Structure formats: structure tokens, C-alpha cells
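Heads up: the structure comes next, in C-alpha cells.
There are 2 protein chains.
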Amino acid sequence: MTVIRQVAPPAGAPKKDDFEAVTLPIPERDDNQLLVENLYLSVDPYMRELMEWGGWELAGGLLGDAIGRVLESSDPTVPVGSIVRHRHGWRTHALPAVTEVTRIHPADGVPLSAYLGILGLTGFTAYVGLVKIAALRPGDDLFISAAAGAVGGATAQIARLLGARRIVGSAGSAAKIAYLTEKLGLDAAFDYHAGSVTEQLAEAAPDGIDVYFDNVGGDHLEAAIAAMKDHGRIAACGAVAQYNNLRTPPAAPHNLFDIVEKNLRLEGYLADRHLNSIPEFERFLVPRVQDGTVLIDEVVVDGIENTVDAFIGMLRGENIGKMLVRVAE
Amino acid sequence: MTVIRQVAPPAGAPKKDDFEAVTLPIPERDDNQLLVENLYLSVDPYMRELMEWGGWELAGGLLGDAIGRVLESSDPTVPVGSIVRHRHGWRTHALPAVTEVTRIHPADGVPLSAYLGILGLTGFTAYVGLVKIAALRPGDDLFISAAAGAVGGATAQIARLLGARRIVGSAGSAAKIAYLTEKLGLDAAFDYHAGSVTEQLAEAAPDGIDVYFDNVGGDHLEAAIAAMKDHGRIAACGAVAQYNNLRTPPAAPHNLFDIVEKNLRLEGYLADRHLNSIPEFERFLVPRVQDGTVLIDEVVVDGIENTVDAFIGMLRGENIGKMLVRVAE
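These protein sequences, in sequence, are chains A and B.
Each residue of the first sequence is one higher than the one before, counting from 1 in full-length UniProt numbering.
Each residue of the second sequence is one higher than the one before, counting from 1 in full-length UniProt numbering.
Put into C-alpha cells, the structure is as follows:
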């Protein structure tokens, strides 16, 4: 089997040389493990952070969401041929424990890859942030940073289903702005390279915002606090702006204490602390993926050998929507 | 009547010359107004902020919580002789509208002044922050900054009633540290001048904290984020550290984005947005003031002419507990 390993903690932006692909024999399987042939791997921003702090063992196989087919099993509830989702990614074969996998029964008309994207941790992160953290209400005005990324795009689509009024997004290129306004139907979008985020947000959301879905931190958070209406809520899901600079993070927003005057709430969260909400999430979203209301936006790269390039490109913001690697048919 | 007016917005820390006391005739009373002789005036940190941003009219009478006796009334529900709480402070006489006053019926054994302190907006701010914002639960470990101030001391006492486990406070002098540990019964307290707040808090709360009641901002907030357990909550009630430097606020904490990894909530609030909770607050706290479980800690300065000194001293942290001005018997 092929395994992508981390050679050293990246200094700043990860480079190809920080990783290596090695061929290893498939280890012996214990009775409580499954042998899984991975079909799709997910590459996500949070992985950059794990690399910094040693959350991933150097020279061990890297972790990440994956979907695969069971080749060997001693458990009748997950027989050979089952499709499972697990977190032993960045490799062609994995041996997760039975307790570490979730069986996937793809709904009619829904491609398997969607269960790593809009119906996977990506969409679930958006759902938890909007519903559980920010408590988005119908009629709320919303701002999403990094809106053309996987989580950002899912957030925009789910927020529309939840009845958000005006949805504004930021992104880093003209192509992404066009994607947001033309394909995802955002009411306004702006390029954060084009000028002050605070000024552009004020123009795009002249009535202010009720909810900010923060994928970025830094100047975007400062702009959002400035634009917030009284009793606004901020769901802080990540800080892409600082993933490559974790040891000396940028200063936080200078207007942080406006949260007092404005009665604002800023709440950070990890979606994997809310896994008991997955059934309600799937009941809510699967039918809307089936009927085409919600788009599946993904970029699929073929071949395990391209995983590192896919990851580096995703961190650079080269993709629109969810970035996946197809390892096998 | 004597009225304290603001002459100019303070540059940095307010000085005595920024204010003047003038003698004016008592204005004509409308039928919907009461003529009130003020008995006690409150001086509070938030007033500094109002002075900066023009929330108070220059050369107009200043605002602030006050308790007074009704001298003239056309409303039978608030007859002459009633005791009322209102917000036309910093003057010997006031003409609030009937709708702007709350009638006070002091409970047996409770001094009138307590209704500006532990039973007034001060205690209510502590209660709202703990109960409505931070959702303090029995067994939670708590850190309070500026704990020897009026709101801080009320927070410590109310948190104990609510079942907090370990309560740690910071303050700015040895006398205040002694007051916190010996009189208010905090489990630990430290002087923030004595070294790194982060290190002192880590030592005082080695198991971490569940709730941080933030009266300060700045380095205290950074220290609290570092000490927080997973799913911790921060109630941000004010930022005394920056009240004298509002136009160029200090940088916010560098570890702000640890709120994501730790699933933390940071929520700002103004207690006056929660006034419908005053009845539950009084049901909860009045009996504990009556039976002596909760101390009334106040510094009372006599004479309207000393209001500015009391205010400036309070901002400098010279008082322990609530700072009040007695205007009349």
C-alpha cells in the first residue's frame, strides 16, 4: 500500500518536500479492525494546524477523512463490500477499528464523494456553525469569509435553506467572486485583495450583519465586528489566515471590545464535538442534495500521488469548492 | 440645585478640570415628571466611555444611576415621599419622567444605598454575566479580573451562591488581595502588577477555569483564554484597561483563535439589555443580603462637590467595592 508521510513540520506554507510517499506491506489485521481500500480522500485546512503541533506523528501515516470499501471484516454489521467513512486518510489502504468507521448508504442520486463534502464533515461544519453556534434565524443577514472554499460554499447554501436574507461573501479572485454571485447566488461578494475588508463589507452589507461565519480571522473578523448589528453572533470555525504562521499569530482585531457595546457573541467550535447532530443534519440536507437545490461543488484530483499537491493547492486557495483525491474507482 | 457638568471630553485619564459644578434654578416640572431630591449617586467605569463618545452632552447635566426622594408628583403611583431609582445623576435634584423611574421599597434590614450597589446595576451586571451570559454551573471554576471593584466583588459573591467551585481573582494592590481572600473568601487572588497575568493565573488555577468574568480585557483576556478548559465561557462586561485610551485601543489577545480548538464562547453584554430579569435577580439576592450571606461593600463619599473626585478615584482603582456619593440624608 502507498502511504503519504510527513517528513518534517512545515516552516510556513507546506512544501512538497515536507512529505514523502512510501510503499509498505499491508499490516496484519486484528479481529476488531477492518481492511479498507480507500476510494476518496479529503484534504482540509485544519490538517495544516495538526502538522504544526505534532497532532500527526512524523513518519507515521497522516490522518484525514476518507471513504473506502471494506475488503476484509470479522464483523457482520460491516461486511465485506460495505462503504465506510473513517479518518485514516492519505493512504491507499487503512485498518480502522470497527468503532472508528461510519457506514455510508449513499442516497439515490447522490454520488459517494458528496459524503466527504457537502454531506461530510465539510457540510456538517457549516451546519453546526450556523445552527448550533450562531443560531441563524430566518431573515438574518450573513457574512461568510473564504466563501468560495469548501466550508464557505456549504455555509452559503445551507444558510439560504435556513432563510437567511442577505448573504455576502469574501474570496480571493475574480473567478471566485463570479462563482459566488452567479453560481451560488450570493447577494454580494468582494475580493479581499481589492481594498479594505471593512470598507468593502460596509458597502456590500449596508444594513449591517447579524451573523458572521468566520473561516479566516484577522482583518475579516475586525471588519465583521464593525459591521455587526446589536446582538450579532460570530461562529469561528477556523483561521486560514494564520495557518501558515501559527507560532506568531497576527494580532487580533483592535475593535474586539465593541462586543460589549453591541452585545455580540463570538464562539469557536470544532464540528467533531457535535457528532450526535449528524442524523438531524442528514435528514435536513440529503433531500436537498437529491433534488438539486444544493449543489455539489468539488474538485477531484486523481491518484494518491497527487494528494500533497491537492493539499498545498487547497491551502493556497486554488480550488473552488471541496478538494478531494480519488484513490480508486 | 447643583449640577456637575462635563466641560470637555477627557484626554486620557479624566482630570478635575474636565468638569464643573454649577448652581442652577430648578426647572419647571411637567405633569409627567417628578421632582426628585437625590440621596445617593453612583459613579461607574462605563461613564468614562460615555464621556469619550459624546454619550453625555457637554455642558448638560451628566447621567448616572441615582436614588432619590420624590418631592413633587402628579402621579398617584409615585406619591411624594416615594423612594425612586433613576438615571439622572450627578446633580442634587432631578426631573425624571415617571416612566424613567423604578420605585424602591427597601427590604427589612437592607440599607437604601445597597440598591445602587449589590442590589442595583452593579450586582445585576454580575448576575447577568454569570447566569445569562456565561451560564455558570455548580462546580465551575471561575476567574474574575478587577475582582475588588464593585462588579468584581459582586460577581465573586454571587458566583459562590451559584455553586462555583474555585474562585480566583486579580486586583491591583496588596490590600485588595487581602480583601478578596480574607473578606470575600476567594480561593486565590493575585496582584497583576506582580508579574505575568498568564503565569499567575496558571498558578492560581492549576486545573484551569470554566468561566472568566472579564472586567479588564487586554492581557487578562489573553491569560484567561490560555487557562480555559474546553467549552469555557467568557462574559465580557467591560474593558477598564482601555477606558482611558479608547481611541487607540490595545491589541486584542494573540491567542484569540484558541477559541476554536477549545470550543470557547466569548460574549459581550450590557446589563441594561436584560432589565426584564430584575425581578428574578431580586428574588434571588435580596434574602441573601438580608441574612448577611452577601456583604454590602461600599465606600460612601459625602457631598455632591466630591463627585468628581470619587469618579476619578474609582477609575484609578482607589476604592474597594462600590463607590457612592451621598448627596442628602
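Yeah, the Cβ is synthetic: ideal placement off N, Cα and C, and Gly gets one too.
As the structure is a computational prediction, the values presented were derived from the model and not from experiment.
{"query": "Closest residue to Tyr115(A) among Ile278(A), Gly303(A), Glu305(A) and Ser196(A) (Cα-Cα distance)", "result": "Ile278(A)"}
{"query": "CB contact flag (Lys132(B), His220(B), <8 Å)", "result": "no"}
{"query": "The beta strand (DSSP E) enclosing Tyr40(B), as first and last residue numbers", "result": "Leu35 to Ser42"}
{"query": "Contacting residues, own chain, Cβ-Cβ under 7 Å from Gly172(B) (five flanking each side not counted)", "result": "Asp191, Tyr192, His193 and Gly317"}
{"query": "Residue range of the unbroken alpha helix (DSSP H) whose run includes residue 330(A)", "result": "Here chain A covers residues 1 to 329 and nothing more, so residue 330(A) does not appear."}
{"query": "Residues that Pro253(A) contacts on chain B, provided the C-beta gap is smaller than 7 Å", "result": "Ala252"}
{"query": "Residues that DSSP places opposite Ala252(A) in a beta bridge", "result": "Ala252(B)"}
{"query": "Alpha carbon of Leu121(A) to alpha carbon of Leu35(A), nearest angstrom", "result": "22 Å"}
{"query": "Chain-ordered chain B contacts of Tyr212(A) [CB-CB under 7 Å]", "result": "Those within 7 Å of Tyr212(A) in chain B number zero; the least Cβ separation is about 13 Å."}
{"query": "Inter-residue spacing [alpha-carbon to alpha-carbon] between Ala126(A) and Gly185(B)", "result": "44 Å"}
{"query": "Contact under 8 Å by Cβ, Arg283(B) with Ala135(B)", "result": "no"}
{"query": "C-alpha gap between Ala147(B) and Gly169(B), whole angstroms", "result": "5 Å"}
{"query": "Same chain, Cβ closer than 7 Å to Val151(A), neighbours up to 5 away in sequence not counted", "result": "Thr122, Thr125, Ala126, Asn215 and Cys237"}
{"query": "Proximity of Leu142(B) and Ile225(B) at Cβ, strictly below 8 Å", "result": "no"}
{"query": "Collapsed DSSP secondary structure at residue 337(A) in the structure displayed", "result": "Residue 337(A) is absent from the structure shown; chain A starts at 1 and stops at 329."}
{"query": "Exposure of Lys15(B), with buried meaning 16 or more beta-carbon neighbours within 10 Å", "result": "exposed"}
{"query": "Proximity below 8 Å, CB of Ile296(B) to CB of Gly117(B)", "result": "yes"}
{"query": "Reduced DSSP category for Val22(B) - H, G, I as helix; E, B as strand; rest coil", "result": "strand"}
{"query": "C-beta contact flag for Val327(B) and Ile304(B) at 8 Å", "result": "yes"}
{"query": "Which listed residue (Asn319(B), Glu280(B), Trp90(B) and Gly195(B)) has its alpha carbon closest to that of Ala21(B)", "result": "Trp90(B)"}
{"query": "Option in Val101(A), Leu119(A) and Ala97(A) with minimal Cα separation from Ala107(A)", "result": "Leu119(A)"}
{"query": "Range covered by the beta strand (DSSP E) that runs through Lys229(A)", "result": "Met228 to Ala236"}
{"query": "Nearest candidate by alpha-carbon position, reference Gly129(B), set His93(B), Glu261(B), Ile158(B) and Arg103(B)", "result": "Ile158(B)"}
{"query": "Under 8 Å between C-beta atoms of Val110(B) and Val84(B)", "result": "no"}
{"query": "Closest by C-alpha distance to residue 366(B), when choosing among Asn306(A), Leu264(A) and Leu324(A)", "result": "A question about residue 366(B) goes unanswered here, because the residues of chain B that appear run from 1 up to 329."}
{"query": "Same chain, Cβ closer than 7 Å to Thr198(A), five either side skipped, listed in chain order", "result": "Glu222, Ala223 and Ala226"}
{"query": "Ala202(B) to Arg137(B) span [Cα, whole Å]", "result": "21 Å"}
{"query": "Proximity of Ile167(B) and Ala156(B) at Cβ, strictly below 8 Å", "result": "yes"}
{"query": "The segment 253-285 of chain B: positions lying closer than 9 Å to chain A by Cβ", "result": "Pro253, His254, Asn255, Leu256, Phe257, Asp258, Ile259, Val260, Glu261, Lys262, Asn263, Leu264, Arg265, Leu266, Glu267, Gly268, Tyr269, Leu270 and Arg273"}
{"query": "Proximity test, Cβ basis, 8 Å: residue 340(B) and chain A", "result": "Only positions 1 to 329 of chain B appear in the structure, and residue 340(B) is not among them; the question remains open."}
{"query": "Residues of the segment 126-153 of chain A with Cβ closer than 9 Å to any Cβ of chain B, in chain order", "result": "Ile133"}
{"query": "Phe19(A) to Asp140(B) span [Cα, whole Å]", "result": "43 Å"}
{"query": "Status (buried if at least 16 other CB within 10 Å, exposed otherwise) for Arg103(A)", "result": "exposed"}
{"query": "C-alpha distance - Asn38(B) paired with Pro287(B), whole-angstrom precision", "result": "26 Å"}
{"query": "Residues of the segment 214-227 of chain A whose Cβ lies closer than 7 Å to any Cβ of chain B, in chain order", "result": "Gly217"}
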